[in-house]
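Participant:
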Amino acid sequence: MIRLDNVTKTYKGTVPALRDCSVEIGRGEFVFLVGPSGAGKSTFIRLILREETPDRGQIWVAGWNICRLRHWKVPYLRRNIGCVFQDFRLLPNKSVFANVAFALEVIGRPKSMVTAQVPQALDLVGLREKWDCLPSELSGGEQQRVAIARAFVNRPLILLADEPTGNIDPGTSAEVTRLLDRISRTGTTVLMATHNDAIVNTMRRRVIELDNGVVVRDEDEGAYDAPVAPYDVPDAVAASVEPTSAGVEGLR
Amino acid sequence: MALSLDYVARETGTNLWRNRLMTVAAVLTVAVSLSLVGAALLLKQGVSTATTRWKGGVQLAVFMQPQAPPDQTRAVGDKLGSMQLVKRTTFCDQACSYKEFRTMFANQPDLVQSAAPADLPPSFRVVARDANHVQQVGSTLKPFAGVRNVVYAKQSVDTLLRVTGIAQAVLLSVAVVLLAAAAVLILNAIRMAIFARRREVAVMKLVGATNWFIRVPYMLEGVIQGLGGAFVAVCVVAVVSFLLRYSVQHYDVTLFQSIVVSGHDLFLTELAVLLMGIVVGAGGSALGVRRFLEV
Ligand SMILES: Nc1ncnc2c1ncn2[C@@H]1O[C@H](COP(=O)(O)OP(=O)(O)OP(=O)(O)O)[C@@H](O)[C@H]1O
Ligand SMILES: [Mg+2]
Chain A
1 MIRLDNVTKT YKGTVPALRD CSVEIGRGEF VFLVGPSGAG KSTFIRLILR EETPDRGQIW
61 VAGWNICRLR HWKVPYLRRN IGCVFQDFRL LPNKSVFANV AFALEVIGRP KSMVTAQVPQ
121 ALDLVGLREK WDCLPSELSG GEQQRVAIAR AFVNRPLILL ADEPTGNIDP GTSAEVTRLL
181 DRISRTGTTV LMATHNDAIV NTMRRRVIEL DNGVVVRDED EGAYDAPVAP YDVPDAVAAS
241 VEPTSAGVEG LR
Chain B
253 MALSLDYVAR ETGTNLWRNR LMTVAAVLTV AVSLSLVGAA LLLKQGVSTA TTRWKGGVQL
313 AVFMQPQAPP DQTRAVGDKL GSMQLVKRTT FCDQACSYKE FRTMFANQPD LVQSAAPADL
373 PPSFRVVARD ANHVQQVGST LKPFAGVRNV VYAKQSVDTL LRVTGIAQAV LLSVAVVLLA
433 AAAVLILNAI RMAIFARRRE VAVMKLVGAT NWFIRVPYML EGVIQGLGGA FVAVCVVAVV
493 SFLLRYSVQH YDVTLFQSIV VSGHDLFLTE LAVLLMGIVV GAGGSALGVR RFLEV
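In the order they appear, the protein sequences are chains A and B.
Heads up: the first sequence is residues 1 to 252, going by our numbering.
Heads up: the second sequence is residues 253 to 547, going by our numbering.
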């Protein structure tokens, strides 16, 4: 579904944000993308969305070589990809329903499809009753669920989430992640960049770790931190790895 | 991809309303500049009617008496044909004179009605080999039998042409500057509209709306501003042309008496004004969306 072959990306006048990355992600997989701040997680996601193009290497998304994709075809690529961000990016003057419907309307989908699929998407995220609320009347977690509904309403092949839990409390974060997990079970490939160690450690899914633009770990059923030999784990680091109880509770 | 009319109309409507001050400024500028363009075009056509006789560089017209017998007319024609100083002569018979007369006095129907082809003088239109010898040709023919009078282009139309020429140049150059200003205003209005909706535009790009889908409402907004201005200008031009006609009929304005704008000319002018409005609107907004809506 997603394949990066030796991808290098350097922003103008900086060190490479991604260096010689090769990753393959299959259909319906749920993958965590972890790594310290500045490791290149957002860059990874922007490349898949073709908001950026790599300097070297090839990227395949949903069967397209997106480095060779013509400019005018980019929107059609993006119709196969749903996106969720830390800051939700909902339109403040539109209701929940209108926000989700917007994603279908602006790609020219007929009204019948809008009236059929938007309620389904809202059901999926459990916000059907709040369809008429404005985003400002919702909690952060609810707003993020609306964003997920918007990303999913067109039934994308891929769902990218860049720190979707960055702005919400641990309990709600777990809920949001579970929702993404449910979506991945429908066959949608989910790639979630996150700093939330509790969630990664609880879910035990495939983990790709970036550091300084390099893939340093790609592990199935991985944890937030690399398994390390006991003798070089300082106590301070080990303590910081402890999952927060709230996050774990939320996932149960 | 289906661009639903409903969507485009709604988006364009909200944009125009949100930026109504900018919209008014853009529409007014387009209106003023296109009114000037329209006036200049009308003037050009009016003058061209007024100077039909002098088309093709004719410098001299020899008018015969309306009742002059054919042999007198032939004598004048032969003389003109044989003169070294004459480069070219054309003969305008009574039917031809009548046609010209009708064009020139189209806005004085009473006058046209009262005249018949037989009342009008036939004439020779003369182009001299050398402009300095026009006077000489004229005085040679004046004494011929049957010649009523000789009219020189210089005294008849030169002033008119000079005055209207300057007026046209001034009108057109002011109009060009204003049109450029109008295009910039429209561009700016579009830019502001896009900026005001940047969140929406960002979401649209993210979910895969095509560039055209995003652009069309903004481009339409520019075209509507251009059209709005053009519409005002069309009204202004119509009023000006009416006033011109009215004043020619009711006052004795010697210089402009012969300036006539026919309905046909007016129609063409209005059409040109409308087209220019669309072009300015589309041009301004195309630049606006190109600079600010790149993927
Ligand atoms: N638009 C840009 N122009 C220049 N440099 C950039 C740009 N975006 C990111 N970078 C640089 O690229 C590197 C990787 O950034 P990126 O945003 O991918 O990191 P990240 O892993 O998402 O970090 P975080 O966890 O803080 O979101 C950083 O060094 C950053 O400074
Ligand atoms: Mg980031």
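Cβ atoms here follow ideal geometry from the backbone N, Cα and C, with glycine treated the same way.
I'd like the list of long-range same chain contacts for Ala283(B), defined as Cβ closer than 6 angstroms, with 5 residues on each side in sequence excluded.
Facilitator: Numbered from 1 along the second sequence, position 31 holds the residue referred to as residue 283(B). If we look at Ala283(B) and ignore the five residues flanking it on each side, its Cβ neighbours are Gly481, Val484 and Ala485.
Participant: So, are the CB atoms of Trp131(A) and Leu122(A) less than 8 angstroms apart?
Facilitator: For this step, residue 131(A) is matched to residue 131 along the first sequence. For this step, residue 122(A) is matched to residue 122 along the first sequence. Yes; because the gap between Cβ atoms is below 8 angstroms, this pair is in contact.
Participant: Sorry if obvious, but does the Cβ on Glu163(A) come closer than 7 angstroms to a heavy atom of ligand 2?
Facilitator: The residue given as residue 163(A) occupies position 163 in the first sequence. Yes - ligand 2 has a heavy atom lying nearer than 7 angstroms to the Cβ of Glu163(A).
Participant: Alpha carbon to alpha carbon, how far is Leu518(B) from Leu294(B)?
Facilitator: For the purposes of this step, residue 518(B) is taken as residue 266 along the second sequence, with counting starting at 1. For the purposes of this step, residue 294(B) is taken as residue 42 along the second sequence, with counting starting at 1. When rounded, the distance between both Cα atoms is 7 angstroms.
Participant: Which residues in chain B sit within 8 angstroms of Leu91(A), going by Cβ to Cβ distance?
Facilitator: The residue given as residue 91(A) occupies position 91 in the first sequence. Correct list: Arg451, Glu452 and Val455.
Participant: For Ala62(A) and Leu430(B), I'd like the C-alpha separation in whole angstroms.
Facilitator: Here residue 62(A) refers to the residue found at position 62 when the first sequence is read from its first residue. Here residue 430(B) refers to the residue found at position 178 when the second sequence is read from its first residue. When rounded, the distance between both Cα atoms is 52 angstroms.
Participant: Let me confirm a value: Gly250(A) is counted as buried when at least 16 other C-beta atoms fall within 10 Å, else exposed. Which label applies?
Facilitator: As a working note, residue 250(A) is residue 250 in the first sequence. Below a pLDDT of 50, predicted positions are generally treated as unreliable, and Gly250(A), at 42, falls in that range; the measurement from the model is reported next regardless. By the neighbour-count rule (16 or more Cβ atoms within 10 Å), Gly250(A) is buried.
Participant: Determine which residues share a DSSP beta bridge with Lys9(A) and list them.
Facilitator: Counting from 1 along the first sequence, the entry for residue 9(A) is found at position 9. Paired residue(s): Leu18(A).
Participant: What are the residues in the stretch 66 to 84 of chain A lying within 9 angstroms of chain B by C-beta distance?
Facilitator: For the stretch 66 to 84 of chain A, which is checked against every Cβ of chain B, the residues closer than 9 angstroms are His71, Trp72, Val74, Pro75, Tyr76, Leu77, Arg78, Arg79, Asn80, Ile81, Gly82 and Cys83.
Participant: Mapping the DSSP letters down to three states, classify Tyr404(B) as helix, strand or coil.
Facilitator: Numbered from its first residue, the second sequence carries residue 404(B) at position 152. Looking at Tyr404(B) - three-state DSSP - the assignment turns out to be strand.
Participant: Determine whether the Cβ of Ile107(A) lies closer than 8 angstroms to any Cβ atom of chain B.
Facilitator: As a working note, residue 107(A) is residue 107 in the first sequence. Yes, its Cβ sits closer than 8 angstroms to a Cβ of chain B.
Participant: Which residues in chain A have a C-beta closer than 7 angstroms to the C-beta of Thr462(B)? List them in chain order.
Facilitator: Residue numbering aside, residue 462(B) sits at position 210 when the second sequence is read from its first letter. Simply Pro75.
Participant: Should Glu105(A) be labelled buried (16 or more other beta-carbon atoms within 10 Å of its own) or exposed?
Facilitator: For the purposes of this step, residue 105(A) is taken as the residue at position 105 of the first sequence. Looking at its Cβ environment, which holds 16 or more other Cβ atoms inside 10 Å, Glu105(A) is buried.
Participant: Determine which residues of the stretch 511 to 543 of chain B have a Cβ less than 8 angstroms from any Cβ of chain A, and write them out in chain order.
Facilitator: Flagged: no residues at all.
Participant: For Gln86(A) versus Asp162(A), is the C-beta spacing smaller than 8 angstroms?
Facilitator: Position 86 of the first sequence, counted from the first residue, corresponds to residue 86(A). Position 162 of the first sequence, counted from the first residue, corresponds to residue 162(A). It is a contact, given that the beta carbons lie within the stated cut-off.
Participant: Excluding five sequence neighbours on each side, which residues of the same chain lie with their C-beta closer than 7 angstroms to the C-beta of Arg354(B)?
Facilitator: Along the second sequence, read from residue 1 onward, the residue named residue 354(B) stands at position 102. Closer than 7 angstroms at Cβ, skipping near neighbours: Val364.
Participant: Could you give the uninterrupted runs of the alpha helix (DSSP H) lying entirely in the stretch 66 to 134 of chain A, keeping only those of 4 residues or more?
Facilitator: Entirely contained in the stretch 66 to 134 of chain A, the alpha helix (DSSP H) runs reaching 4 residues are, in chain order, 74 to 78, 96 to 105 and 111 to 125.
Participant: Just jot down, in chain order, the residues whose CB lies closer than 6 angstroms to any heavy atom of ligand 1.
Facilitator: Taking each Cβ in turn, the ones that pass are Tyr11(A), Thr14(A), Ala17(A), Gly35(A), Ser37(A), Gly38(A), Ala39(A), Gly40(A), Lys41(A), Ser42(A) and Thr43(A).
Participant: List, in chain order, every chain A residue whose beta-carbon is nearer than 7 angstroms to that of Tyr259(B).
Facilitator: The residue labelled residue 259(B) in the question sits at position 7 within the second sequence. Neighbours of Tyr259(B) on chain A, chain order: Glu105.
Participant: Examine the Cβ distances between the stretch 465 to 474 of chain B and the stretch 532 to 542 of chain B and report whether three or more of them are shorter than 8 angstroms.
Facilitator: Touching, yes, given that three or more Cβ pairs across the two stretches are closer than 8 angstroms.
Participant: Is Gly329(B) closer than 8 angstroms to Phe396(B) when the C-beta atoms are compared?
Facilitator: Along the second sequence, one-based indexing puts residue 396(B) at 144. Along the second sequence, one-based indexing puts residue 329(B) at 77. For Phe396(B) and Gly329(B), no; Cβs fall outside 8 angstroms.
Participant: Answer yes or no: do Val310(B) and Val399(B) have a C-beta to C-beta separation smaller than 8 angstroms?
Facilitator: Mapped onto the second sequence, residue 310(B) falls at position 58. Mapped onto the second sequence, residue 399(B) falls at position 147. Cβ atoms of Val310(B) and Val399(B): not closer than 8 angstroms.
Participant: Return the CA-CA distance between Thr521(B) and Gln117(A), expressed in angstroms with no decimal places.
Facilitator: Position 269 of the second sequence, counting from 1, holds the residue named residue 521(B). Position 117 of the first sequence, counting from 1, holds the residue named residue 117(A). Looking at the two C-alpha atoms, the distance is approximately 53 angstroms.
Participant: Is the beta carbon of Ile158(A) less than 8 angstroms from the beta carbon of Asn80(A)?
Facilitator: The residue given as residue 158(A) occupies position 158 in the first sequence. The residue given as residue 80(A) occupies position 80 in the first sequence. Going by C-beta atoms, Ile158(A) is nearer than 8 angstroms to Asn80(A).
Participant: Can you find a C-beta in chain A that's less than 8 angstroms from the C-beta of Val547(B)?
Facilitator: Counted from its first residue, the second sequence places residue 547(B) at position 295. Per-residue confidence for Val547(B) stands at a pLDDT of 49, beneath the threshold of 50, marking its modelled position as unreliable; the derived number appears in the next sentence. Val547(B) counts as touching chain A.
Participant: Output, in chain order, the set of chain B residues within a Cβ distance shorter than 9 angstroms of Phe102(A).
Facilitator: The residue you call residue 102(A) lines up with position 102 of the first sequence. Neighbours of Phe102(A) on chain B, chain order: Glu452, Val455, Met456 and Val459.
Participant: Would DSSP call Thr177(A) helix, strand or coil?
Facilitator: Locating residue 177(A) in the first sequence gives position 177, where the first residue counts as 1. If DSSP states are grouped into helix, strand and coil, Thr177(A) belongs with the helices.
Participant: Let's test the definition: count the other Cβ atoms within 10 Å of the Cβ of Tyr11(A) and tell me whether it reaches 16, buried, or not, exposed.
Facilitator: Working through the first sequence from its first residue, we reach residue 11(A) at position 11. The residue is exposed, with fewer than 16 neighbouring Cβ atoms inside 10 Å.
Participant: For Ser375(B), write down the residues that DSSP places opposite it in a beta bridge.
Facilitator: What you label residue 375(B) is simply residue 123 of the second sequence in a count that begins at 1. Phe315(B) and Cys344(B).
Participant: Would you verify that the beta carbon of Phe465(B) is, or is not, closer than 8 angstroms to some beta carbon of chain A?
Facilitator: Along the second sequence, one-based indexing puts residue 465(B) at 213. Yes, because at least one Cβ of chain A sits closer than 8 angstroms to the Cβ of Phe465(B).
Participant: Could you spell out where the alpha helix (DSSP H) holding Ala302(B) opens and where it closes?
Facilitator: Taking the second sequence and counting its residues from 1, one reaches residue 302(B) at position 50. Here the alpha helix (DSSP H) through Ala302(B) covers Arg272 to Ala302.
Participant: Using DSSP with H/G/I as helix, E/B as strand and the rest coil, what is Val310(B)?
Facilitator: Here residue 310(B) corresponds to residue number 58 of the second sequence, with the count starting at 1. In this structure, Val310(B) counts as coil in the three-state DSSP scheme.
Participant: Please report the Cβ distance between Ala380(B) and Leu337(B), rounded to the nearest whole angstrom; I am assuming they are in contact, meaning their Cβ atoms lie under 8 angstroms.
Facilitator: Locating residue 380(B) in the second sequence gives position 128, counting from the first residue. Locating residue 337(B) in the second sequence gives position 85, counting from the first residue. With 8 angstroms as the limit, Ala380(B) and Leu337(B) qualify as a contact, their Cβ atoms being about 6 angstroms apart.
Participant: Please report the Cβ distance between Trp31(A) and Leu210(A), rounded to the nearest whole angstrom; I am assuming they are in contact, meaning their Cβ atoms lie under 8 angstroms.
Facilitator: One-based indexing of the first sequence puts residue 31(A) at position 31. One-based indexing of the first sequence puts residue 210(A) at position 210. Correcting the residue type first, residue 31(A) is Val in the shown sequence and not Trp. Not a contact, Cβ separation roughly 12 angstroms.
Participant: Based on Cα-Cα distance, which residue from Gln360(B), Val386(B), Pro469(B) and Leu288(B) lies nearest to Leu332(B)?
Facilitator: Position 80 of the second sequence, counted from the start, is the residue given in the question as residue 332(B). For the residues Gln360(B), Val386(B), Pro469(B) and Leu288(B), the minimum Cα distance to Leu332(B) belongs to Val386(B).
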